[in-house]
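2 protein chains.
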Amino acid sequence: MKAYDGYLIDLDGTMYLGKERIEAAPGFIQRLKDAGKKHLFVTNNSTRTQEQVAAKLRQMDIAAEPEDVFTTSMATAAFIREHNPASRVFAIGEEGLFDALEKEELTLAEENCDYVVIGLDTSITYEKLAKACLLVRAGAKFLSTNSDRALPTDAGLMPGNGAITAVISVSTGIEPTFIGKPENIMMEQARKLLDLNKEQVLMVGDNYLTDITAGIRAGMDTLMVCTGFTRREELPFLDPKPTYTIDTLTEWEFK
Amino acid sequence: MKAYDGYLIDLDGTMYLGKERIEAAPGFIQRLKDAGKKHLFVTNNSTRTQEQVAAKLRQMDIAAEPEDVFTTSMATAAFIREHNPASRVFAIGEEGLFDALEKEELTLAEENCDYVVIGLDTSITYEKLAKACLLVRAGAKFLSTNSDRALPTDAGLMPGNGAITAVISVSTGIEPTFIGKPENIMMEQARKLLDLNKEQVLMVGDNYLTDITAGIRAGMDTLMVCTGFTRREELPFLDPKPTYTIDTLTEWEFK
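Note that the protein sequences, when read in sequence, are chains V and R.
Quick note on numbering: the numbering used here labels position 249 of the first sequence as 249, and the sequence is numbered without any gaps.
Quick note on numbering: the numbering used here labels position 159 of the second sequence as 159, and the sequence is numbered without any gaps.
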């Protein structure tokens, strides 16, 4: 095992499973802090603010401050601001997305928009989707916080943001730029926030298709923990493989 | 020109454009009736009942009885009944779809469903889409009234039923069976309602991608009228070509 200075850590499947804490999570974060490592929690959940995510982690006795959390909504807002801080943005989403857009001081609008941004919105309506289609057809840049097709819940697999985004891409024939894992945009922003080179950072997650693929695309080493989506039995079929694969975070030693 | 005994006739772009009657439409239908030809109006609009469609035509002085109208919702309901009249159906749609399912005496349900049916619904919600996803994942057969990606309106191109249907196909990875034009299911049902062989029927419409392609796939001769979607300038690039192409329905002589 190499020594890493910074860790990017997934949440669902890695720190908790839905509402249940993963037993090894609090100890992993404590040992990481004791070892003096930098870290960020990186999540494709666009609906919650960084404060809400940190509060959920603390309720599970996992140490977390708001500034330790980097959501795909924050990455999306930062991406827009980086390109043009005067952008007018039409957004579909929940509190986490609107909070992130406001913190980057972007202008929310419903016409003459530079960007259309789609995040998960369980109050979606035909009118919102229609407005997004008209604006994308009129030339607004089309962003989506993440391409997740399904959302695991107690009731089963619900439509994810990638599925809702498809209404607009299928109707207009224009594909969005996805920001979240496994895309590189969010990962590169997270790495810059850690102020480290990619060789110094380890990406930690349970999902090969999002977390580990995101790390690989970003040129980082990856640690897959088999407490969530991807099972150890799948390992022989994965190519390229994660740098490390463990059954539980207690196995990981910080060097 | 061959003599045809029956005509399948598209509505939007052929009989009217949105709320505006196409000038040649009333005379075309009158001459068709005077010549003793059979006909059906075939429409991918799933939201209206056959009575509502006939009333709209009559308001434009186009002769029409409810039984002259065959909607994709009616075709969908007939398709389900043909396979199993005891089917339990979860439907997303508007009055036209629910009316058609009721007329075929199918059972509307929200669990243990044999079919999930998607028709255009401008009151769509995340809950309805989630329910459809869960039922399709649980094994319900997945139907969609039509694959139209966009819906022309005065305000611009709105999301069509094919775009809304994509939420479920993208989320579940399962593709629907589309019923309406250009698919063959609706055309074959319409032909049977006319009680004619395909050689005796002419498909009339303005849209090469839906109407004319539907006719070609059904093995029928086709008449493209350039009063709607497809422009005459596109004709050299179409393959296979419509059997006949005219600028207005007044040019057509009934033999």
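Where a beta carbon is used, it is the ideal one built from N, C-alpha and C, also for glycine.
Bear in mind that the values here come from a model prediction, so they are computed numbers and not experimental data.
Endpoints, beta strand (DSSP E) assigned at residue i
i         : result
Ile174(V) : No beta strand (DSSP E) holds Ile174(V); DSSP gives it neither H nor E.
Ser144(V) : Lys141 to Ser144
Asp99(R)  : Per DSSP, Asp99(R) belongs to no beta strand (DSSP E); it is in the alpha helix (DSSP H), Glu95 to Lys103.
Tyr244(R) : Tyr244 to Ile246
Tyr126(V) : Note, Tyr126(V): premise wrong, no beta strand (DSSP E); alpha helix (DSSP H) at Tyr126 to Arg137.
Leu194(R) : Here Leu194(R) belongs to no beta strand (DSSP E); instead the alpha helix (DSSP H) covers Asn184 to Leu194.
Arg88(R)  : Arg88 to Ile92
Ile118(R) : Tyr115 to Ile118
Gly6(V)   : Gly6 to Ile9
Phe41(V)  : Lys38 to Thr43
Residue i burial status per 10 Å Cβ neighbour count (16 or more: buried)
i         : result
Arg58(V)  : exposed
Arg231(R) : exposed
His39(R)  : buried
Phe237(V) : exposed
Gly162(R) : buried
Ser147(V) : buried
Asn84(R)  : exposed
Ala86(R)  : exposed
Ala140(V) : buried
Gly13(V)  : buried
Gln50(R)  : buried
Gln30(V)  : exposed
Asn112(V) : exposed
Ala257(R) : For residue 257(R) there is no data in the structure shown, the boundaries of chain R being 1 and 255.
Asp121(R) : buried
Asn44(V)  : buried
Met203(V) : buried
Leu108(V) : exposed
Met1(V)   : exposed
Asp247(V) : exposed
Asn207(V) : buried
Lys128(V) : buried
Ala155(V) : exposed
Gly18(R)  : exposed
Gly173(V) : exposed
Ser123(R) : exposed
Ala35(V)  : exposed
Pro182(V) : buried
Pro240(R) : exposed
Thr213(V) : buried
Asp10(R)  : buried
Interface partners of residue i on chain V, CB under 9 angstroms
i         : result
Arg149(R) : Val170, Ser171, Thr172 and Gly173
Ser123(R) : Thr125 and Tyr126
Under 7 angstroms by beta carbon: chain R residues contacting residue i
i         : result
Met158(V) : Ala130 and Cys133
Where residue i meets chain R, residues with beta-carbon distance less than 9 angstroms
i         : result
Gly180(V) : Correct list: empty, because the minimum Cβ distance to chain R is about 16 angstroms.
Neighbouring residues, chain R, relative to residue i (Cβ below 8 angstroms)
i         : result
Val167(V) : Pro159, Ala163, Ile164, Ala166 and Val167
Gly137(V) : One detail in the question is off: residue 137(V) reads as Arg in this sequence, not Gly. Within chain R, the residues near Arg137(V) are Gly156 and Leu157.
Identity of the residues DSSP links to residue i by a beta bridge
i         : result
Pro26(R)  : Answer by DSSP bridge pairing: none, since Pro26(R) is not bridged.
Glu221(R) : The sequence given here places Asp at residue 221(R); Glu does not occur at that position. Per DSSP, Leu202(R).
Glu20(R)  : Leu17(R)
Ala150(R) : Pro159(R)
Val69(V)  : Phe41(V)
Asp12(R)  : Tyr16(R)
Thr107(R) : Arg88(R)
Range of the contiguous alpha helix (DSSP H) that encloses residue i
i         : result
Tyr208(V) : That residue, Tyr208(V), is in no alpha helix (DSSP H); it is neither H nor E in DSSP.
Arg58(V)  : Gln50 to Gln59
Thr76(V)  : Thr72 to His83
Closer than 7 angstroms: residue i CB and nearest the ligand MG heavy atom
i         : result
Phe178(V) : Judged by which ligands are present, the structure shown has none, so any question about the ligand MG falls away.
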